[in-house]
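Single-structure report; data block below.
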Amino acid sequence: MSEDYHMDPEAFRRHAHELIDWIIDYLERRVDDLPVRSQVEPGEIRSRLPEDPPSKGDPFEAILRDVDDILLPGITHWQSPDFFAYFPANASYPAILGEMLSAGLGVQGMLWATSPACTELETHVLDWLVRILDLPGRFLSTGTGGGVIQDSASSATLCALLAARERATDLESNRRGVDRPLVAYASSQAHSSVEKAAGIAGIGKENLRLVDVDGSFAMRPDRLAAQIAEDRANGRVPFFVCATVGTTSSNAIDPVKEIGGLCRQEGLWLHVDAAMSGTAAVCPEYRFIHRGLELADSYCFNPHKWMFTNFDCDAFYVADRASLIRALSILPEYLRNRATESGAVIDYRDWQVPLGRRFRALKLWFVLRHYGIEGLQHHVRRHVDLAQQFRTWVEADDRFELTAPAPLNLVCFRHRGGDDINRELMERLNASGDLYLTHTVLDGAFTLRLCVGQTRTESTHVDSAWERIRTVATEIDPGMR
Ligand code: PLP
38 MSEDYHMDPE
48 AFRRHAHELI
58 DWIIDYLERR
68 VDDLPVRSQV
78 EPGEIRSRLP
88 EDPPSKGDPF
98 EAILRDVDDI
108 LLPGITHWQS
118 PDFFAYFPAN
128 ASYPAILGEM
138 LSAGLGVQGM
148 LWATSPACTE
158 LETHVLDWLV
168 RILDLPGRFL
178 STGTGGGVIQ
188 DSASSATLCA
198 LLAARERATD
208 LESNRRGVDR
218 PLVAYASSQA
228 HSSVEKAAGI
238 AGIGKENLRL
248 VDVDGSFAMR
258 PDRLAAQIAE
268 DRANGRVPFF
278 VCATVGTTSS
288 NAIDPVKEIG
298 GLCRQEGLWL
308 HVDAAMSGTA
318 AVCPEYRFIH
328 RGLELADSYC
338 FNPHKWMFTN
348 FDCDAFYVAD
358 RASLIRALSI
368 LPEYLRNRAT
378 ESGAVIDYRD
388 WQVPLGRRFR
398 ALKLWFVLRH
408 YGIEGLQHHV
418 RRHVDLAQQF
428 RTWVEADDRF
438 ELTAPAPLNL
448 VCFRHRGGDD
458 INRELMERLN
468 ASGDLYLTHT
478 VLDGAFTLRL
488 CVGQTRTEST
498 HVDSAWERIR
508 TVATEIDPGM
518 R
């Protein structure tokens with residue numbers, strides 16, 4: 038400890054090396070042996086932490102020791118190759134390095150002027166992603182649109198909803214509050230963030246219509262049209278639709294083209310949420326997921342789910358950036374500067390809810406430059422192939438059934454023995470620590486979900502997962518083989 042209490046540069050150098058070694062050892066070795074889902078009880082971690090904060094600083098060795106002894110048991114290992122739960126939040130070494138550099142630079146990029154490179158790299162990398170995923174050209178910053186990094190898909194949906202609200206009310210809602218009966222739409226399978234956004238934006242959760250889905254859990258455009266007509270007939274003002282490409286429960290893909298046609302006809306803002314599945318479009322053969330996206334006003338996907346970029350990083354695009362900026366811009370005196378007033382720069386604070394922002398583009402840039410399009414395609418194909426292999430095993434086993442189509446890397450399946458058996462199966466598997474998977478309910482039935490998207494998941498991990506599932510199923514219900 039130096040006299041001025043700071044960590045001196047040589048100590049930093051040493052500890053940084055130690056920490057990098059720790060991370061490599063964790064990801065390459067330790068994570069394989071630790072229970073994937075943390076096994077601690079509520080309150081257990083806090084009970085091991087000292088009641089009082091340190092009055093004198095601790096040596097770094099002691100801090101790192103506590104990471105091992107106290108925190109690690111309370112970590113659910115999202116980076117484990119046996120993690121098949123939820124949707125992934127995969128990371129990679131280039132992303133970690135980008136994150137480290139971002140912390141080292143310590144930039145707060147609210148304005149172009151507060152770090153021009155932070156803004157310009159972000160704009161550039163998001164334009165790259167338009168090309169990498171073959172997204173519609175209207176999302177490029179070189180036209181009327183553009184992309185911005187949000188912390189999460191939830192924030193992207195909220196910003197889209199706010200921009201749509203202002204467009205629908207001629208910029209009156211920001212000033213006076215929402216004074217007309219606006220109505221928004223999403224499918225019954227849309228992510229809960231849409232409902233949350235409707236509450237926050239003052240639309241009211243009751244004014245979000247959850248539209249019926251078809252047999253594949255995708256939104257039915259005919260039901261959307263009928264609901265819009267009914268709302269109009271009742272004097273309401275439809276203004277916003279959120280379509281999902283890859284729903285959280287079952288990876289259903291809403292028919293964006295048909296929904297978009299309807300939105301155009303009716304003058305509604307269309308936002309498309311492709312949080313996890315959007316990454317699949319890096320491969321031309323999976324670009325069917327974006328059919329009709331040229332009709333969308335806004336779009337988002339999360340590189341922090343399936344694009345090897347550690348949390349948090351959501352790529353959010355608008356076709357008409359002016360409508361977003363008008364909804365979110367406020368310019369107090371203390372933020373005025375010549376660059377902003379010249380109109381020649383982007384100030385990303387006007388594209389998001391918070392003022393301040395991290396230099397997230399760095400980690401994404403590191404990832405894209407390290408893997409290249411080819412590397413990303415390789416891993417996305419690998420993940421989809423592994424999930425499809427798993428799907429064929431489920432189909433071939435009489436005891437199990439698929440509960441939804443599996444277009445990409447998520448397989449929804451269940452034991453035919455009923456909800457209790459499936460619940461028990463999941464609980465035993467997760468308690469074993471060997472793998473981690475989560476559930477949903479589809480058509481009223483408890484369903485298991487297995488999503489392949491972890492950076493280090495190989496065929497051996499999916500093989501063992503299936504083997505464990507079958508073995509535990511036999512233990513629970515020996516009669517059914
Ligand atoms: N939308 C979909 C389809 C999701 O699956 C998820 C999360 O899994 C979200 C939105 C929310 O993502 P975030 O955590 O980035 O807000």
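Every position in the sequence shown, counted from 1, becomes a number in this note's numbering once 37 is added. We treat Cβ as the ideally placed atom computed from N, Cα and C, and that holds for glycine. Note that the structure is predicted; figures quoted are calculated from it, not measured.
Look at residue i and residue j and say whether their C-beta atoms are less than 8 Å apart.
i, j, result
"valine 162", "alanine 468", "no"
"threonine 285", "histidine 228", "yes"
"cysteine 155", "glutamine 389", "no"
"leucine 305", "proline 275", "yes"
"valine 231", "cysteine 279", "yes"
"methionine 147", "arginine 375", "no"
"leucine 158", "glycine 184", "no"
"cysteine 507", "threonine 484", "Going by the sequence as given, residue 507 is arginine instead of cysteine. Their beta carbons are not under 8 Å apart, which means arginine 507 does not touch threonine 484 by this criterion."
"arginine 486", "threonine 494", "no"
"alanine 441", "phenylalanine 325", "no"
"alanine 356", "arginine 175", "yes"
"asparagine 459", "isoleucine 133", "no"
"isoleucine 362", "aspartate 334", "no"
"phenylalanine 438", "arginine 453", "The sequence given here places glutamate at residue 438; phenylalanine does not occur at that position. Result yes, Cβ atoms of glutamate 438 and arginine 453 sit closer than 8 Å."
"glycine 283", "leucine 332", "no"
"leucine 396", "serine 139", "Contrary to the premise, residue 396 reads as phenylalanine rather than leucine in this sequence. Yes, the pair counts as a contact, with Cβ atoms nearer than the cut-off."
"glutamate 55", "leucine 101", "yes"
"glutamate 203", "serine 210", "yes"
"serine 75", "proline 110", "yes"
"isoleucine 538", "isoleucine 410", "Since the displayed the chain opens at 38 and closes at 518, residue 538 lies outside it and no answer follows."
"histidine 114", "valine 68", "yes"
Can you tell me the Cα-Cα spacing of residue i and residue j, whole angstroms?
i, j, result
"lysine 400", "alanine 318", "20 Å"
"glutamine 491", "phenylalanine 120", "7 Å"
"lysine 242", "tryptophan 343", "30 Å"
"phenylalanine 427", "proline 72", "22 Å"
"arginine 213", "leucine 392", "22 Å"
"glycine 141", "phenylalanine 49", "12 Å"
"valine 104", "tyrosine 63", "12 Å"
"glutamate 370", "aspartate 45", "38 Å"
"serine 496", "glutamine 425", "11 Å"
"alanine 126", "histidine 341", "6 Å"
"glycine 412", "asparagine 288", "24 Å"
"glutamine 116", "isoleucine 383", "35 Å"
"glycine 516", "valine 499", "25 Å"
"alanine 201", "valine 215", "12 Å"
"aspartate 291", "arginine 83", "43 Å"
"threonine 377", "glutamine 187", "21 Å"
"aspartate 457", "phenylalanine 124", "24 Å"
"cysteine 449", "glutamate 432", "11 Å"
"glutamine 145", "methionine 137", "15 Å"
"alanine 99", "histidine 52", "12 Å"
"cysteine 350", "glutamate 88", "34 Å"
"glutamate 267", "leucine 108", "54 Å"
"methionine 313", "glycine 455", "29 Å"
"serine 360", "glycine 80", "46 Å"
"glutamate 303", "glutamate 461", "47 Å"
Buried or exposed: where does residue i fall if 16 or more other Cβ atoms within 10 Å of its Cβ makes it buried?
i, result
"alanine 221", "buried"
"asparagine 271", "exposed"
"threonine 511", "exposed"
"tyrosine 42", "exposed"
"aspartate 58", "exposed"
"glycine 135", "buried"
"aspartate 164", "buried"
"isoleucine 61", "exposed"
"valine 478", "exposed"
"arginine 406", "exposed"
CB-CB under 8 Å to residue i, same chain, minus the five flanking residues each way: which ones, in chain order?
i, result
"glutamine 264", "Tyr222, Arg246 and Val248"
"glutamine 414", "Val319 and Cys320"
"glycine 236", "Lys242"
"threonine 160", "Ser178, Gly183, Gly184 and Ile383"
"threonine 181", "Arg175, Ala356, Asp357, Arg358 and Ala359"
"methionine 463", "Leu474, Thr475, His476 and Leu485"
"alanine 443", "Asn288, Ala424, Gln425, Arg428 and Cys449"
Quick one: what's got a C-beta closer than 7 Å to residue i's C-beta in the same chain, skipping five residues either side?
i, result
"leucine 330", "Leu172, Pro173, Val293, Val309 and Tyr336"
"leucine 472", "Val73, Asp119, Phe121, Leu466, Ala502 and Arg505"
"arginine 257", "Val248, Asp249, Val250 and Asp251"
"alanine 205", "Leu219, Val274 and Phe276"
"leucine 372", "Leu148"
Once you ignore the five residues that flank residue i on each side, which residues in its own chain have a CB closer than 6 Å to its CB?
i, result
"leucine 199", "Ala238 and Ala364"
"valine 489", "His420, Leu423, Ala424 and Asn446"
"threonine 281", "Ala227, Asp291 and Asp310"
Kindly say whether residue i, judged by its beta-carbon, lies nearer than 8 Å to any beta-carbon of chain B.
i, result
"serine 139", "Here there is only one protein chain, and chain B is not present."
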